[in-house]
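S.K.: Just so it is clear: in the sequence shown, position 141 is 471 by our numbering, and no numbers are missing.
Every residue, glycine too, gets a C-beta built ideally from N, C-alpha and C.
Here it is, the structure in full.
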Amino acid sequence: MTSTPYKVLRATSWLGLFGPVFFFSLLGFLGTMWPGYSPIATGMSELGAVNSPVKTIMNFLGFSTLGITITVFAVGLYNYLRSDWQLKLASLFVLIAGLGMIVVGFLPCDPNCIDTTIIGHSHSLVSMIPAIIMPIGAMVSAHSLAKRWGNAWGRLFFALGFLSLLSGPIMFLDSTISYTGLIQRLGIGGSLLWMMIVSTKILLENKDKDKK
Numbered sequence: 331m332t333s334t335p336y337k338v339l340r341a342t343s344w345l346g347l348f349g350p351v352f353f354f355s356l357l358g359f360l361g362t363m364w365p366g367y368s369p370i371a372t373g374m375s376e377l378g379a380v381n382s383p384v385k386t387i388m389n390f391l392g393f394s395t396l397g398i399t400i401t402v403f404a405v406g407l408y409n410y411l412r413s414d415w416q417l418k419l420a421s422l423f424v425l426i427a428g429l430g431m432i433v434v435g436f437l438p439c440d441p442n443c444i445d446t447t448i449i450g451h452s453h454s455l456v457s458m459i460p461a462i463i464m465p466i467g468a469m470v471s472a473h474s475l476a477k478r479w480g481n482a483w484g485r486l487f488f489a490l491g492f493l494s495l496l497s498g499p500i501m502f503l504d505s506t507i508s509y510t511g512l513i514q515r516l517g518i519g520g521s522l523l524w525m526m527i528v529s530t531k532i533l534l535e536n537k538d539k540d541k542k
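Next up, the structure:
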């Protein structure tokens with residue numbers, strides 16, 4: 331019989347795997363529903379802006395739902411190697427990032443994401459939490475997971491976190507302003523790819539327990 335702790339770990343890992351897939355699928359679909367919207371030049375938040383025709387779906391089914399999956403994944407990561415303080419710290423960062431993403435869904439940015447209201451400014455501030463904290467979580471986890479799965483995985487996880495974090499300042503350079511949407515997607519994609527890989531590794535590591 332499968333143990334209760336493993337059932338929880340399995341559930342959190344499946345959410346960590348499919349949450350990003352659902353988010354990016356929804357993101358791509360909603361982009362096609364707004365004529366003139368460019369995923370290359372335009373940020374993701376504009377799909378949830380107050381003037382967006384798909385704002386409700388993007389904010390709640392997109393941002394907040396992604397935040398829930400990140401938060402649940404953080405719980406699984408915390409319970410994966412309970413004796414490892416670095417992984418506990420990483421899971422705390424991921425938990426904060428997930429909660430921040432949930433809140434983002436309740437704070438739509440102003441038209442064209444040009445901040446003019448308190449809610450608009452709040453959106454910009456709160457959205458920085460997952461953008462900064464989750465990549466840090468990925469980097470912090472690298473050493474612990476390298477000891478478990480090998481140095482190559484640790485280097486990959488650190489690189490994904492670092493590149494995800496680096497995308498923030500790159501996005502605001504004058505020379506990259508026309509590629510804001512692309513850079514933003516690649517940035518969050520790095521952190522979410524880390525989450526998907528870790529989830530997959532945990533599931534594969536424990537796959538024999540599914541047969542019991």
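How many Å lie between I400 and S452 at the Cα?
M.R.: Computed Cα separation, rounded: 21 angstroms.
S.K.: Tell me the residue span of the alpha helix (DSSP H) that contains N409.
M.R.: That run of the alpha helix (DSSP H) goes 395 to 410.
S.K.: Do the CB positions of F492 and A472 come within less than 7 angstroms of each other?
M.R.: Not a contact, by the Cβ cut-off of 7 angstroms.
S.K.: Could you tell me whether the segment 410 to 426 touches the segment 442 to 449, where touching means 3 or more Cβ pairs closer than 8 angstroms?
M.R.: No, they do not touch.
S.K.: Answer yes if the segment 449 to 466 comes into contact with the segment 515 to 532, meaning at least three C-beta pairs across the two stretches below 8 angstroms, and no otherwise.
M.R.: As far as the Cβ criterion goes, the segment 515 to 532 touches the segment 449 to 466, which means the pair count is three or higher.
S.K.: According to DSSP, simplified to helix, strand and coil, what is M331?
M.R.: Any reading at M331 is ruled out, since the residue's pLDDT is 33, under 50, leaving its predicted position unreliable.
S.K.: Are the segment 521 to 530 and the segment 337 to 349 in contact at 8 angstroms, needing three or more beta carbon pairs?
M.R.: Output reads yes: the segment 337 to 349 touches the segment 521 to 530.
S.K.: Using a threshold of 7 angstroms, state whether the C-beta atoms of S508 and C439 are closer than that.
M.R.: Their beta carbons are not under 7 angstroms apart, which means S508 does not touch C439 by this criterion.
S.K.: Please classify Y367: does DSSP put it in a helix, a strand, or coil?
M.R.: Of the three classes helix, strand and coil, the one that applies to Y367 here is coil, per DSSP.
S.K.: Assuming I417 and L425 make a contact with CB atoms under 8 angstroms, what is their CB distance in whole Å?
M.R.: Strictly speaking, residue 417 in this sequence is Leu, with Ile absent from that position. Not a contact, Cβ separation roughly 12 angstroms.
S.K.: By the DSSP assignment, the alpha helix (DSSP H) with N381 in it spans what residues?
M.R.: Element bounds for N381: n/a, residue is neither H nor E.
S.K.: Just reading off the alpha helix (DSSP H) that I444 is part of, what are its end residues?
M.R.: Counting along the chain, I444 falls outside any alpha helix (DSSP H), and DSSP gives it neither H nor E.
S.K.: Since I507 is in the alpha helix (DSSP H), which residue starts that stretch and which ends it?
M.R.: Per DSSP, I507 belongs to no alpha helix (DSSP H) and is neither H nor E.
S.K.: Distance check for T506 and S368, CA to CA, integer angstroms please.
M.R.: C-alpha separation (whole angstroms): 15 angstroms.
S.K.: What number of angstroms, rounded off, separates the C-alpha of M501 from the C-alpha of S494?
M.R.: Cα-Cα distance, rounded: 11 angstroms.
S.K.: From G397 to G480, what distance separates their C-alpha atoms?
M.R.: Answer to the nearest angstrom: the Cα atoms are 29 angstroms apart.
S.K.: Cα separation between V338 and I459?
M.R.: So the alpha carbons of these two residues sit roughly 26 angstroms apart.
S.K.: Would N381 be called buried (16 or more neighbouring beta carbons within 10 Å of its own) or exposed?
M.R.: Exposed is the call here.
S.K.: What is the DSSP secondary structure of F436, reduced to helix, strand or coil?
M.R.: Coil at F436, not helix or strand.
S.K.: So F403 packs on T342, CB below 8 angstroms; how close in whole Å?
M.R.: Confirmed, Cβ separation roughly 6 angstroms.
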